[in-house]
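Enquirer: Just so you know, the sequence shown maps onto residues 0 to 542 in numbering that gives the first Met the number 0. Ideal Cβ positions, reconstructed from N, Cα and C, are used throughout, including at glycine.
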Amino acid sequence: MLNNAPLLSRNSAPNQTLFSLLERCKSMLELKKIHALVITSGVSQDEPVVSSILTFSAISDSGNIDYGYRVLLHISNPSIFSWNTLIRGYSNSKNPNRSLSVFVKMLRLGFSPDHLTYPFLAKASARLLRRELGVSIHGHIVRTGFDCDRFIQNSLIHMYASCRDILYARNVFDEITTKNSVSWNSMLDAYAKCCNVSMARELFELMPERDVVSWSSLIDGYVKSGEYGEALAIFDAMCSTGPKANEVTMVSVLCACAHLGALDKGKMMHLYMIDYGLPLTLVLRTSLVDMHAKCGAIEEAMAVFRGIPVHSTDVLIWNSMIGGFAMHGFVLESLGLYTEMQIAGIRPDEITYLCLLSACAHGGLVREAWHFFECIEKQGMAAKSEHYACMVDVLARAGQVAEAYKFLCQMPVEPTASTLGALLNGCMNHGKFDLAEIIGRKLIELEPNHDGRYVGLSNVYAVLRRWDEARTMREAMERRGVKKTPGFSFLEMSGALHPFIAHDRLHPYSEQIYRMLKFLVGQMELDADTENQEHLLYDIEVV
């Protein structure tokens, strides 16, 4: 680029030439050459020129924020724009805490922040999930007299919501004298983030105007709260009276379809995106892969996955496909795709190994599971409780119950309920009932208000034919006021989802439901392993 640039001469304005070069700059290598030209041309203290270099370094996808910091240090009197640019860059970087360090340095050098400085600091606090830091920033805002600035107030709502402090978020919202759409949407999103859908819905109804952000936030709130059917109902209402959906909306809707196993509805969403000309970005394609895979449509998921050039993929879409194979027992396909992923140069993350461990659990591949578990540390990552739970599940399913219990006892983290639950299932499946009793009691200690923990231990006693103790577990539930939550399912008919609960005879499709249920029970009875029938002695619920 520089080779073809006009030479700086007496007849050309240096700044004009430099700005022209900066506008066409595409990489840090080019930027460094331009910076060298700036220095040799004697304009290294020219604020507009240096600010352009700083902006590319701090904000551009091809930039280098630390290089921008070094540039700032060589400016004799940097403007607040330059400070804000660097703070903004760090707030979006992998090290958002550095934006706070730059802010402190700015203050110590005698520079005063303006109304644009604080939203970047609030964003950094939100990304760090450090409420106490956000409160300090809020206090500084009040002291400097910017607490009535609506732009800053909206950013504070987002910060408190990210830190799960809904009360402080609402206090800030209520203090805004003239609320705009961003204010309303920020508060709505705050309730959604905190899974308070009742308040989110109440605020939604009070909004003077609702845009796509409002609808998307409400839908996302229902998805985060596990109310997937209601999320789809809100989307249908949006299609009738609201604006056209965007990428954020469709990601939430596809997530709801995936959790409900609503394949027909998910396919309708795919058609919606095509009909309305919504660009099928990598994020949306990843959601489509995830939806098809979780609904059991593995071939369709693979078709979407293969429709993306390898160089345009990321680790998230590979994880969705590997996890989809693992979920449905396609163990070799899951492991094969991992090998393909490595060849493609995509670096695996913690979720990748979680999916692979799940595949190994389904396939009884203990040796391979140990290999993947060790890879986590080799790749510079730390195994989380989910990885340990998966490893326990691998060993327990393979019948290595004693090894699983030993592994659990040596874990550097406290075992979660899911970890203990995996071991309990292994004990039951492989006849290790003495250990099952120990694990069952630990589960009740861990979750004394969870009905399933009492039922699980009751089943252990039932298998051992210790009927008095099995009955005692049921009585303990009653004493503690723990009630068994009725199970419910969804029936999908012509793209519409119909929920029904156990013992439900009032559902309009109950006749069809029970006819199909009778058929399924008959098939299960034919396929049942008679040697394991006594496991079901005590807790079979007849719908």
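Am I right that L353 and E373 are in contact with their C-beta atoms under 8 Å? What's the rounded C-beta distance?
Expert: The sequence position of residue 353 within the sequence shown is 354, counting from 1. The sequence position of residue 373 within the sequence shown is 374, counting from 1. With a Cβ gap of about 14 Å, L353 and E373 do not count as contacting.
Enquirer: Would you give the residue range spanned by the alpha helix (DSSP H) that S545 belongs to?
Expert: Only positions 0 to 542 of the chain appear in this structure, which leaves residue 545 out of reach.
Enquirer: Taking 7 Å as the cut-off, is the C-beta of Y159 nearer than that to any heavy atom in the ligand NAP?
Expert: In the structure shown, the ligand NAP is absent, as is every other ligand, since no ligand is present at all.
Enquirer: List, from N- to C-terminal side, the alpha helix (DSSP H) runs of 4 residues or more that fit wholly inside the segment 366-440.
Expert: Entirely contained in the segment 366-440, the alpha helix (DSSP H) runs reaching 4 residues are, in chain order, 384-396, 400-408, 416-428.
Enquirer: Between which two residues does the alpha helix (DSSP H) containing G138 stretch?
Expert: If you number the sequence shown from 1, residue 138 lands on position 139. G138 -> alpha helix (DSSP H) spans 130-142.
Enquirer: When you compare the CB positions of A57 and T84, do they come within less than 8 Å of one another, or not?
Expert: Your numbering for residue 57 matches position 58 in the sequence shown. Your numbering for residue 84 matches position 85 in the sequence shown. A contact, by the Cβ cut-off of 8 Å.
Enquirer: So which of R465, V454, V459, R464 has the shortest CA-CA distance to R473?
Expert: Numbered from its first residue, the sequence shown carries residue 473 at position 474. Of the listed residues, the one whose Cα sits closest to R473 is V454.
Enquirer: Going by the beta-carbon positions, is the gap between Y159 and G133 smaller than 8 Å?
Expert: The residue given as residue 159 occupies position 160 in the sequence shown. The residue given as residue 133 occupies position 134 in the sequence shown. Result yes, Cβ atoms of Y159 and G133 sit closer than 8 Å.
Enquirer: Please report how far the alpha carbon of N428 lies from the alpha carbon of A261, in whole angstroms.
Expert: Along the sequence shown, read from residue 1 onward, the residue named residue 428 stands at position 429. Along the sequence shown, read from residue 1 onward, the residue named residue 261 stands at position 262. One C-alpha to the other measures close to 31 Å.
Enquirer: Would you kindly check if the distance between the Cβ of T240 and the Cβ of I218 is under 8 Å?
Expert: For this step, residue 218 is matched to residue 219 along the sequence shown. For this step, residue 240 is matched to residue 241 along the sequence shown. Against a cut-off of 8 Å, the Cβ pair of T240 and I218 comes out as no contact.
Enquirer: Between the Cα of S215 and the Cα atoms of C238, G276, R479, which residue gives the shortest distance?
Expert: Reading the sequence shown from its first residue, position 216 is the one you call residue 215. Nearest C-alpha to S215: C238.
Enquirer: Helix, strand or coil: how does DSSP classify N195 here?
Expert: As a position in the sequence shown, residue 195 is number 196, starting the count at 1. Here N195 sits in coil by DSSP.
Enquirer: Using CA atoms only, rank isn't needed, just tell me which of F80, D289, G220 is closest to S51.
Expert: On the sequence shown, position 52 is the one that residue 51 refers to. Closest option to S51, Cα to Cα, is F80.
Enquirer: To which residues of the same chain is E376 closer than 8 Å at the C-beta, ignoring the five residues directly before and after it?
Expert: Counted from its first residue, the sequence shown places residue 376 at position 377. Taken in chain order, the residues that qualify are A382.
Enquirer: If we ignore side chains and look at the alpha-carbon of each, how far apart do V70 and N318 end up?
Expert: Along the sequence shown, read from residue 1 onward, the residue named residue 70 stands at position 71. Along the sequence shown, read from residue 1 onward, the residue named residue 318 stands at position 319. The straight-line gap from Cα to Cα measures roughly 39 Å.
Enquirer: In angstroms with no decimal places, state the Cα-to-Cα distance between G430 and E131.
Expert: Against the sequence shown, residue 430 aligns to sequence position 431. Against the sequence shown, residue 131 aligns to sequence position 132. The alpha-carbon atoms of G430 and E131 are separated by roughly 51 Å.
Enquirer: Assuming M272 is part of the alpha helix (DSSP H), what are its boundary residues?
Expert: Taking the first residue of the sequence shown as 1, we reach residue 272 at position 273. 262-274 is the span of the alpha helix (DSSP H), which, as asked, contains M272.
Enquirer: Once the 5 residues before and after D164 are set aside, which same chain residues still bring their CB inside 6 Å of it?
Expert: The residue labelled residue 164 in the question sits at position 165 within the sequence shown. Closer than 6 Å at Cβ, skipping near neighbours: R130.
Enquirer: Hey, is the segment 192-212 in contact with the segment 242-259, meaning 3+ C-beta pairs nearer than 8 Å?
Expert: Flag = yes, the segment 192-212 and the segment 242-259 touch.
Enquirer: Roughly how many whole angstroms lie between the Cα atoms of M340 and R346?
Expert: Taking the sequence shown and counting its residues from 1, the one referred to as residue 340 is at position 341. Taking the sequence shown and counting its residues from 1, the one referred to as residue 346 is at position 347. Cα to Cα, the separation comes out at about 8 Å.
Enquirer: Thinking C-alpha only, which one of E332, G344, L115 is nearest P361?
Expert: What you label residue 361 is simply residue 362 of the sequence shown in a count that begins at 1. Reading off the sequence shown, one finds His at residue 361, where the question assumed Pro. Closest by alpha carbon: E332.
Enquirer: Pick out whichever of D433, D289, V314, C294 has its Cα sitting closest to the Cα of M303.
Expert: As a first step, residue 303 is located in the sequence shown; it is residue number 304 there, counting from the start. Residue identity differs from the one stated: residue 303 is Val in this sequence, not Met. Of the listed residues, the one whose Cα sits closest to V303 is D289.
Enquirer: Out of N448, V459, R464, point me to the one whose CA is closest to E477's CA.
Expert: What you label residue 477 is simply residue 478 of the sequence shown in a count that begins at 1. Per the Cα distances, N448.
Enquirer: Taking C-beta to C-beta, are I136 and Y117 nearer than 8 Å?
Expert: Reading the sequence shown from its first residue, position 137 is the one you call residue 136. Reading the sequence shown from its first residue, position 118 is the one you call residue 117. A contact, by the Cβ cut-off of 8 Å.
Enquirer: For E299, count neighbouring Cβ atoms within 10 angstroms of its own Cβ and tell me buried if that reaches 16, exposed if not.
Expert: Locating residue 299 in the sequence shown gives position 300, counting from the first residue. Answer is buried; the Cβ neighbour count reaches 16.
Enquirer: Rounded to whole angstroms, what's the CA-CA distance from C408 to P112? Just pull it up for me.
Expert: Taking the first residue of the sequence shown as position 1, residue 408 is located at position 409. Taking the first residue of the sequence shown as position 1, residue 112 is located at position 113. C-alpha separation (whole angstroms): 53 Å.
Enquirer: Going by DSSP, what residue range makes up the alpha helix (DSSP H) through R87?
Expert: In the sequence shown, counting from the first residue as 1, residue 87 sits at position 88. That run of the alpha helix (DSSP H) goes 79-90.
Enquirer: Could you compute how far the alpha carbon of S224 sits from the alpha carbon of F234?
Expert: Mapped onto the sequence shown, residue 224 falls at position 225. Mapped onto the sequence shown, residue 234 falls at position 235. C-alpha separation (whole angstroms): 16 Å.
Enquirer: As a quick exercise: from K122, S100, F102, pick the residue whose alpha carbon is nearest that of N91.
Expert: Here residue 91 corresponds to residue number 92 of the sequence shown, with the count starting at 1. Selected option, being the one with the closest Cα: K122.
Enquirer: Since C256 and M268 should fall inside the 8 Å C-beta cutoff, what is the C-beta to C-beta distance between them, to a whole number of angstroms?
Expert: Looking up residue 256 in the sequence shown gives position 257. Looking up residue 268 in the sequence shown gives position 269. Going by Cβ atoms, the distance from C256 to M268 rounds to 6 Å, so yes, they are a contact pair.
Enquirer: Let me make sure I understand the geometry here. Which of T418, D433, S59, V282 has the alpha-carbon closest to that of V551?
Expert: For the chain, the structure presents residues 0 to 542; residue 551 sits outside this window and is missing.
Enquirer: Hey, would you say I156 sits closer than 8 Å to V141, going by beta carbons?
Expert: Looking up residue 156 in the sequence shown gives position 157. Looking up residue 141 in the sequence shown gives position 142. No; because the gap between Cβ atoms is not below 8 Å, this pair is not in contact.
Enquirer: Just mark A343 as buried or exposed, buried being the case when its beta carbon has 16 or more other beta carbons within 10 Å.
Expert: As a working mapping, residue 343 is identified with position 344 in the sequence shown. Its Cβ having fewer than 16 others within 10 Å, A343 is exposed.
Enquirer: One question on the structure: do A416 and A403 come within less than 8 Å of each other, judged by their Cβ atoms?
Expert: Within the sequence shown, residue 416 is the residue found at index 417, counting from 1. Within the sequence shown, residue 403 is the residue found at index 404, counting from 1. No, they are not a contact pair.
Enquirer: Sort R452, A191, S40, F18 by Cα distance to L53 and report the nearest one.
Expert: By one-based count along the sequence shown, residue 53 stands at place 54. It is F18.
Enquirer: On the three-state DSSP scale, how would you describe L279?
Expert: The residue you call residue 279 lines up with position 280 of the sequence shown. Correct three-state label for L279: coil.
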